[in-house]
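There are 2 protein chains.
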Amino acid sequence: MGLDYRVRCCPDGLITDRRRVVEVLDCTIRDGGCTNAWQFQDDLVRRTFRALAGAGVDVMEIGYQTSPGVFEAGSVGPWRYCREDDLLRVVDPDVKGPMRLSCMLDMGRVEASDLRPASDSVIDVLRVATYAHDIEDAIRLCEAALELGYEAHCNVMAVTRCTPHEVDAFLERLRTSPVTNIAVVDSFGAMYPHQLRYLIRKYKNWLRPDQKVGVHLHNNQQTAFANAIAAIDEGADIIDASVFGMGRGAGNVPLELLLMYLDDERHDVRPVLDLIDDYMELRDELKWGYQVPYAITGWLNRHPRSAIRRMRLDTPAGMAFYDELTADRPRRRHHKPEREPT
Amino acid sequence: MGLDYRVRCCPDGLITDRRRVVEVLDCTIRDGGCTNAWQFQDDLVRRTFRALAGAGVDVMEIGYQTSPGVFEAGSVGPWRYCREDDLLRVVDPDVKGPMRLSCMLDMGRVEASDLRPASDSVIDVLRVATYAHDIEDAIRLCEAALELGYEAHCNVMAVTRCTPHEVDAFLERLRTSPVTNIAVVDSFGAMYPHQLRYLIRKYKNWLRPDQKVGVHLHNNQQTAFANAIAAIDEGADIIDASVFGMGRGAGNVPLELLLMYLDDERHDVRPVLDLIDDYMELRDELKWGYQVPYAITGWLNRHPRSAIRRMRLDTPAGMAFYDELTADRPRRRHHKPEREPT
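These protein sequences, in sequence, are chains V and P. Per our numbering: the first sequence ends with 353, consecutive numbering throughout. Per our numbering: the second sequence ends with 353, consecutive numbering throughout.
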């Protein structure tokens with residue numbers, strides 16, 4: 012094992028190590044918006060923007076861009092569309108510094124013809140979220156974004172549902188594309204660190220040296236932050252995180268943990284810690300984070316939607332949910348006590 | 012990398028691997044008791060006992076044994092003492108099966124002369140919790156436990172505060188002792204997986220082949236479960252966990268995640284999932300689990316007591332807590348926006 016692994020025990024016993032320098036992308040408003048239909052108040056988005064800029068976060072993903080009419084009027088907040096006038100209400104160029112702003116594009120929910128040129132926008136990065144089977148269309152959308160002057164990323168979702176052959180196929184397609192950043196996306200929170208290590212190595216081996224590898228991780232099995240550590244260690248270049256892990260279901264890598272871990276002098280965790288106080292009320296209301304139903308769908312490598320529905324019930328009843336989702340699995344032949352547990 | 016690391020992508024994309032077979036020790040009542048002064052109702056302890064036996068958990072740690080008068084009368088519940096008549100109210104021998112019962116012994120809080128013989132008790136295992144500097148007394152207490160007919164474990168706490176020399180010294184002492192199980196204890200939730208891997212290898216290299224290595228992990232930085240995975244992978248023999256991670260501060264490895272991960276036919280996660288419903292009310296009241304102050308003490312490799320005090324305030328104010336604990340660290344020289352974030 013290399014130098015970076017060496018444990019240095021300081022005189023006071025503190026275990027410290029050097030970290031690789033990586034980029035940090037905050038997706039609080041974009042992915043966190045999945046929990047409140049992107050109905051954040053302008054003031055909270057503004058404070059988030061300022062805190063992230065102050066923290067030296069590299070990229071803030073402020074929402075999605077979406078073609079007009081895709082959602083019923085009033086069903087989603089402004090950060091599902093990120094119209095330029097909405098963005099201008101919260102983006103203060105005096106505070107922005109080197110932080111780039113990103114929007115996500117959902118395949119099928121936005122037409123390339125609805126994108127505006129980068130020169131007319133405060134947005135710097137467009138990230139295309141796609142399933143493997145839509146990779147051709149996704150690359151075309153990335154190409155359109157590049158032509159409009161954006162940095163273009165491609166996030167291939169749900170890679171844990173792909174066969175190795177399917178992964179090879181989309182990586183080969185991306186390798187010969189002009190896309191500059193490709194993320195390993197653990198949509199279902201299904202991965203353990205050694206599995207993510209395998210995929211990071213695969214992506215890095217397959218792609219060109221000038222193509223950066225990112226990770227977007229979910230916390231269904233409480234592995235998101237540890238998976239981020241494993242990814243950094245394997246050479247990932249850009250790590251997604253969010254304030255207090257805010258995100259759909261079990262949420263994401265907590266930004267505060269990532270910044271403390273990186274301990275990079277380009278970053279400052281303090282504005283993020285301050286910002287968390289602003290989010291705690293939302294947390295009590297929206298309740299993202301670890302829960303048994305999310306753990307079960309993560310473990311089973313399934314979309315969390317059934318778990319999210321379950322968590323809206325008064326009694327999520329984890330065992331019944333487990334039974335429902337594992338009806339086709341052989342029952343464990345475990346030690347049977349003489350009487351059944353009650 | 013060896014066979015255990017090989018990712019098998021099944022036709023449906025599910026990533027699965029084989030796991031090493033390890034022992035699982037549940038410490039819900041013992042460590043969870045730190046959150047409610049061991050004031051569990053008999054009925055909940057009884058249901059926990061039955062569920063753990065039904066789940067095929069290897070060891071249930073049901074509390075501490077403590078010499079009379081150590082705590083003020085009425086200040087702690089029965090599971091801080093584990094008198095035999097208290098145990099007999101909840102332990103049903105018809106249900107117990109091969110599950111062993113354990114009690115922890117805190118150095119300085121119990122005299123060897125107050126221990127009863129194993130033949131007069133339902134308890135099978137005594138685990139001595141000690142700091143490195145008390146190792147001689149701890150080994151003497153383990154020897155007394157062995158003479159009384161118990162299995163004797165030694166948990167050296169707060170190893171992340173020890174220098175490498177101190178670790179070598181207590182391992183050498185344990186190697187020449189009759190203690191059969193030694194646990195790596197991340198008391199402060201300070202460890203990242205690669206650091207735990209280093210310590211597991213160190214313990215396993217140093218100790219005799221017949222001495223088993225365990226891990227007791229805390230979740231301050233959301234690494235407890237991932238650390239357990241790393242420990243299993245490095246050859247740990249026995250893993251501590253608790254129901255929904257119940258434990259002091261940020262809590263422990265969630266038992267349900269561990270059992271699903273191990274996917275061992277000796278175990279059955281279903282009674283544990285059912286039991287979690289019984290614990291959710293306690294969870295809402297006692298609020299163990301991830302919070303910013305716990306993350307900060309974990310990151311700083313400090314005892315969580317200041318964070319636990321902080322969490323009792325109405326406004327934990329993470330940034331102020333961070334400033335308080337890092338007053339002696341150099342401030343990060345990060346990108347400064349032209350105006351300070353508000």
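We treat Cβ as the ideally placed atom computed from N, Cα and C, and that holds for glycine. Here the structure is a predicted model, which is why all the values come from computation and not from measurement.
Check                                                                                                                   : Outcome
Cβ shell of R219/V (< 7 Å), same chain only, five flanking positions each side left out                                 : R186
Entirely enclosed beta strand (DSSP E) segments - the stretch 122-180 of chain P, minimum 3 residues                    : 136-141 and 162-167
Check whether V70/P and L269/P have beta carbons under 8 Å apart                                                        : no
Neighbour flag for I268/P against chain V, beta carbons, 8 Å                                                            : A quick correction: the sequence has Leu, not Ile, at residue 268/P. Closer than 8 Å: yes.
Where the beta strand (DSSP E) through R111/P begins and ends                                                           : R111 to D117
Three-state secondary structure assigned by DSSP to P79/P                                                               : coil
Cβ of L55/V within 8 Å of any chain P Cβ                                                                                : no
Extent of the continuous beta strand (DSSP E) run through V3/P                                                          : Not covered by the structure: residue 3/P. The range shown for chain P is 12 to 353.
Min CB distance L126/V to chain P below 8 Å                                                                             : no
Residue burial classification, H176/V (beta-carbon count within 10 angstroms, cutoff 16)                                : exposed
Proximal residues, the stretch 27-44 of chain P versus chain V, C-beta separation under 7 Å                             : none
Spatial distance of D42/V from V283/P (CA atoms)                                                                        : 31 Å
Cα-Cα separation between Y92/V and V32/V, rounded to whole angstroms                                                    : 32 Å
Within chain V, partners of L284/P - CB distance below 7 Å                                                              : V303, G329, M330 and Y333
Local Cβ density within 10 Å of P109/P, reported as buried at 16 or more and exposed below that                         : exposed
Local Cβ density within 10 Å of A239/P, reported as buried at 16 or more and exposed below that                         : buried
Local Cβ density within 10 Å of E147/V, reported as buried at 16 or more and exposed below that                         : exposed
Neighbourhood of V139/P by C-beta distance below 6 Å, restricted to the same chain and skipping five residues each side : L116, A149, L152, C153 and C165
Opposing strand residues paired with S317/V [DSSP bridges]                                                              : Answer is none; S317/V lacks a bridge partner.
M202/P - partner residues in DSSP beta bridges                                                                          : Answer is none; M202/P lacks a bridge partner.
Listed by chain order, chain P residues near R151/V by CB distance under 7 Å                                            : In chain order: nothing, as chain P lies at least about 25 Å away.
Sequence-distant residues of its chain with Cβ nearer than 7 Å to D279/P (five each side left out)                      : G65, A66 and G67
Straight-line gap, N357/P to G256/P (C-alpha atoms, nearest Å)                                                          : Since the first and last residues shown for chain P are 12 and 353, residue 357/P lies out of range.
Alpha carbon of R277/V to alpha carbon of D248/V, nearest angstrom                                                      : 15 Å
Backbone CA spacing between G200/P and R316/P [nearest angstrom]                                                        : 12 Å
Selection of the stretch 228-239 of chain P by Cβ proximity to chain V, strictly under 8 Å                              : N230, Q232, Q233, T234, A235, F236, A237 and N238
E335/P - containing alpha helix (DSSP H), residue span                                                                  : G329 to L336
Bridge partners - S253/V, DSSP secondary structure assignment                                                           : P265/V
DSSP-derived helix/strand/coil call for E276/V                                                                          : coil
8 Å Cβ cut-off: residues of chain V touching T326/P                                                                     : D288
Extent of the continuous beta strand (DSSP E) to which N192/V belongs                                                   : N192 to D197
Boundaries of the beta strand (DSSP E) in which D37/P is found, first to last residue                                   : E34 to D37
Beta-carbon separation (whole angstroms), M271/V vs W310/P, contact threshold 8 Å                                       : 5 Å
Of the listed residues L286/P, V224/P and V178/P, nearest to H144/P (C-alpha basis)                                     : V178/P
Cβ-based neighbour list, V81/V, same chain, cut-off 8 Å, excluding 5 preceding and 5 following                          : R120 and V121
Inter-residue spacing [alpha-carbon to alpha-carbon] between G260/P and R320/P                                          : 10 Å
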